[in-house]
Amino acid sequence: MKHGFIKTLATAAVICGMSFGAASAQEGIDLLQGQTKFDIDPHHATVLLSWNHVGLSTTYAVVRDFEGTLTLDPAKVEDANLSVSLKLGSLDTLEQKRTEDLQGPRFFNVANFPTATFKSTSVKRTSDTTADVTGDFTLLGQTKPLTLKVKYNKASKNNDKLLVGFDAETVITRAEYGVATLAPMVGPEVTVKISTELLAAAK
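When the count follows full-length UniProt numbering, it moves up by one through the sequence shown with no breaks and lands on 203 for the last residue.
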């Protein structure tokens, strides 16, 4: 079981590390016609968290259970809407005691605040394939603005199903949400990287 998780985590790290690498500009964009609603494909999506540990190493975790929707018209990118919900009880660091500590009252207090959510409020296009997506991020009952650096990868069709792929990255300062435990020994900033495919919702 652990070996499978290690492989998954290593793959996620590689994928997310390539998040802002070079790609063919707007590949498959012609497949996107008008406004389309997409749902995150949980079988082809990764949410990877990382933070510094006493300056010696980087600790990683994945959120295994999450869902989200995107409404997108390529001709009106600024009008796109993104909504994501993360179930923090599915957070996994591979090390059981550390995972339980993070889910417990010292950190994410999952028993009382089981989800974290992001709902976009504005989209600013920064290039043909990138955008800054700003929205309301809610964690531990506190809502604050947060900006995702988003990169469009491509769109394609698979068995007549329309898919689109994106990578996104942001940094969360956890003390802003009341989680200052063990800072600065345990990194005060948490990097979040997302790599996901989304499926066009049935009309």
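Positions of the beta carbon are idealized from the N, C-alpha and C atoms, including for glycine. These numbers were taken from a predicted model, which means no experiment stands behind them.
In the three-state reduction of the DSSP assignment, residue 192 falls in the strand class. One thing to note: residue 144 has its Cβ no nearer than 9 Å to the Cβ of residue 132. In the assembly as shown, residue 70 is a buried residue. Its beta-carbon has 16 or more other beta-carbons within 10 Å. Rounded to the nearest angstrom, the Cβ distance from residue 41 to residue 199 is 5 Å, consistent with a contact under 8 Å.
Of the residues assessed, residue 58 falls on the exposed side of the cut-off, its CB having fewer than 16 other CB atoms within 10 angstroms. Here residue 80 is near residue 120, since their CB atoms are less than 9 Å apart. Beta bridge pairing from DSSP links residue 172 with 190.
The beta carbons of residue 118 and residue 88 sit no closer together than 9 Å. Taking all protein chains in view, the Cβ of residue 95 is surrounded by fewer than 16 other Cβ atoms within 10 Å, so the residue is classified as exposed. Rounded to the nearest angstrom, the gap between the Cα atoms of residue 115 and residue 122 is 22 Å.
Here the C-alpha atom of residue 183 lies approximately 15 Å from the C-alpha atom of residue 101. Beta-bridge partners of residue 164 (DSSP): 155, 198.
If you draw a straight line from the Cα of residue 85 to the Cα of residue 55, it comes to about 31 Å. Between the alpha carbons of residue 201 and residue 99 lies a distance of about 34 Å.
Taking residue 157 as the centre and dropping the five residues before and after it, the same chain places the C-beta of 31, 163 closer than 8 Å to its C-beta, in chain order. In terms of Cα proximity to residue 34, the closest of 135, 168, 141, 73 is 73.
In its chain, beyond the 5 residues on either side, 123 have a beta carbon closer than 6 Å to the beta carbon of residue 78. Going by beta carbons, residue 193 and residue 48 fall inside the 9 Å limit.
Between residue 111 and residue 83, the alpha-carbon positions lie close to 23 Å from each other.
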